[in-house]
Amino acid sequence: MANTMGHTVGIIGAGGWGTALARLLCEKGIEVVLWCRGEETFRNISEKRENPSYLPGIPLPASLRVTCSLEEAVRGREILICAVPSHGVRATIGPTAAWLASQALVVCATKGIEEGSLKTMGEVLTEALGQDVAERLAFLSGPTFALEVGRGLPAAVTVAAVNEAVGQEVQATLSTQTFRAYTSRDIVGVQMGGAVKNIIAIAAGISDGLGLGANSRAALITRGLAEMTRLAVRRGAEALTLSGLAGLGDLVLTCTGELSRNRRVGVDIGRGRRIDQILSQMRMVAEGVKNTASVYRLARQLDVEMPIVEQMHCVLNEGKNPVEAVRDLMQRSLKSENG
Numbered sequence: 000m001a002n003t004m005g006h007t008v009g010i011i012g013a014g015g016w017g018t019a020l021a022r023l024l025c026e027k028g029i030e031v032v033l034w035c036r037g038e039e040t041f042r043n044i045s046e047k048r049e050n051p052s053y054l055p056g057i058p059l060p061a062s063l064r065v066t067c068s069l070e071e072a073v074r075g076r077e078i079l080i081c082a083v084p085s086h087g088v089r090a091t092i093g094p095t096a097a098w099l100a101s102q103a104l105v106v107c108a109t110k111g112i113e114e115g116s117l118k119t120m121g122e123v124l125t126e127a128l129g130q131d132v133a134e135r136l137a138f139l140s141g142p143t144f145a146l147e148v149g150r151g152l153p154a155a156v157t158v159a160a161v162n163e164a165v166g167q168e169v170q171a172t173l174s175t176q177t178f179r180a181y182t183s184r185d186i187v188g189v190q191m192g193g194a195v196k197n198i199i200a201i202a203a204g205i206s207d208g209l210g211l212g213a214n215s216r217a218a219l220i221t222r223g224l225a226e227m228t229r230l231a232v233r234r235g236a237e238a239l240t241l242s243g244l245a246g247l248g249d250l251v252l253t254c255t256g257e258l259s260r261n262r263r264v265g266v267d268i269g270r271g272r273r274i275d276q277i278l279s280q281m282r283m284v285a286e287g288v289k290n291t292a293s294v295y296r297l298a299r300q301l302d303v304e305m306p307i308v309e310q311m312h313c314v315l316n317e318g319k320n321p322v323e324a325v326r327d328l329m330q331r332s333l334k335s336e337n338g
């Protein structure tokens, strides 16, 4: 492992994931500055040493610095971690280009496809920070609930980077006795897995909310993996990546875990609640809701068959009854599993 103890890290986004990563790194003795948008979150972290809105009950180290200044979080940092929701990445990260050190590594801990442009987070970051950042980019993904990482429970993730040395440096920085990072060169596969799995989790939640049983959930996860893989491969990914932590691992967790926000949205829809009612009562972002339309459009643009994503788009964005969506999935024309 590389020597990471001298690193200074800036984390943009004080939601659950950004705060959990900040805690993990501080406990390794790494200097961390965490940027948050809201005054309430700033006060809670700086005065109470807790982020009750996102990581309730988890004490934060005294060494963690928190700021509402993007410049303070970015200037002079050797590693910058982006942990804001996908719809806010371009607007939030764009201004940081003025302060980002020329050799700083940039770690994308955000999962999703940008609305409108249908670009991956890597493409968004490269446009926002400049083309030269592409060689210093890494992508963090895998089956992780922030609350469990915050508690120090064991987890494994994937760090993907085009530059192998960058991937290994980020791997060494993040890895602890309870947080194990593996490297990959497949940045497209890792990003696409993280974007699509949330949509399949909403479908799995709807199935559970309708009381359709474990068989139905297992079928959705398996066929969802097939859809995820088809789209990723069409974008240039390696199929094997989608069988790993950033694909199948994250998919299973998000479709079955009680802490999954996307699954919970689906459960509520299956029980008859409207999507606008559900979202109005959520403090945290369920990425799958916003990404459904983006992934659906991308699949159509690339001529990739994604029937589960298509039905979730109809339910979330066109008001389709979830019972009808399930019926239409089950009554599709018969075909080979590998066709």
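The sequence shown runs 0 to 338 under numbering that gives the first Met the number 0. All C-beta atoms in this analysis are idealised placements derived from N, C-alpha and C, irrespective of residue type, glycine included.
| Asked | Found |
| --- | --- |
| Short Cβ contact (8 angstroms threshold) for G192 with M227 | yes |
| Residues bridged to R342 (per DSSP) | Residue 342 is absent from the model: the chain starts at 0 and stops at 338. |
| Runs of alpha helix (DSSP H) wholly within the region 63 to 142 (minimum 4 residues, chain order) | 69 to 73, 88 to 92 and 120 to 128 |
| For A180 and Q310, the rounded distance between their alpha carbons | 34 angstroms |
| Limits of the unbroken alpha helix (DSSP H) element including T40 | E38 to R42 |
| I201, enclosing alpha helix (DSSP H) - first and last residue | I186 to G208 |
| Backbone secondary structure at L54 - three-state DSSP | strand |
| Boundaries (first-last residue) of the alpha helix (DSSP H) holding T240 | Taken as a continuous stretch (DSSP letters only), T240 belongs to no alpha helix (DSSP H), as it is neither H nor E. |
| Identity of the residue in V325, E114, G93 and G141 nearest E126 by Cα | G93 |
| Helix, strand or coil at I307 according to DSSP, with G and I counted as helix | helix |
| Sufficient close CB pairs (3 or more, under 8 angstroms) joining the region 227 to 247 to the region 260 to 278 | no |
| Beta bridge counterpart(s) of G9 as assigned by DSSP | V32 and L79 |
| Residue from N50, G246, A133 and L117 whose Cα sits closest to the Cα of C107 | A133 |
| Neighbourhood of A343 by C-beta distance below 7 angstroms, restricted to the same chain and skipping five residues each side | Here the chain has residues from 0 to 338 only, and residue 343 is not among them. |
| Opening and closing residue of the alpha helix (DSSP H) in which S293 lies | E286 to Q300 |
| M4 burial status per 10 Å Cβ neighbour count (16 or more: buried) | The predicted position of M4 is uncertain, since its pLDDT is 45 and thus under 50; a value taken from the coordinates is nonetheless stated next. M4 comes out exposed. |
| Coarse secondary structure for R233, derived from DSSP in three states | helix |
| Among N50, A292, E77 and T40, nearest to V169 - alpha-carbon criterion | E77 |
| Beta-carbon contacts of A96 that lie in its chain and below 8 angstroms, excluding the five residues immediately before and after | A127, L128 and G129 |
| Candidates G210, G12 and D302, of which the one nearest D267 by Cα | G210 |
| Proximity winner among S45, C254 and A21, relative to A217 (alpha-carbon distances) | C254 |
| Inter-residue spacing [alpha-carbon to alpha-carbon] between L33 and L139 | 17 angstroms |
| Under the three-state DSSP convention, the category G256 falls into | coil |
| Selection from A236, S206, D327 and G223 that minimises the alpha carbon distance to R270 | S206 |
| Reduced DSSP category for L328 - H, G, I as helix; E, B as strand; rest coil | helix |
| Alpha carbon of V8 to alpha carbon of Q167, nearest angstrom | 16 angstroms |
| C-beta contact flag for V264 and A194 at 8 angstroms | no |
| Three or more C-beta pairs below 8 angstroms linking the region 26 to 41 and the region 97 to 116 | no |
| N43 versus A13 - alpha carbon distance | 11 angstroms |
| Exposure label - L153; buried when at least 16 CB within 10 Å | At residue 153 the sequence reads Pro, which differs from the Leu that was named. Burial call: exposed. |
| Beta carbon of E317 nearer than 8 angstroms to that of G111 | no |
| Residue from V31, S45 and T182 whose Cα sits closest to the Cα of A245 | T182 |
| Local Cβ density within 10 Å of A213, reported as buried at 16 or more and exposed below that | exposed |
| Local conformation of P60 per DSSP, three classes | coil |
| Through-space distance from V31 to N2, alpha-carbon basis | With a pLDDT of only 43 at N2, under 50, the local geometry of the prediction cannot be trusted, and the value read off the model is given with reservation. Distance between the alpha carbons of N2 and V31 is about 16 angstroms. |
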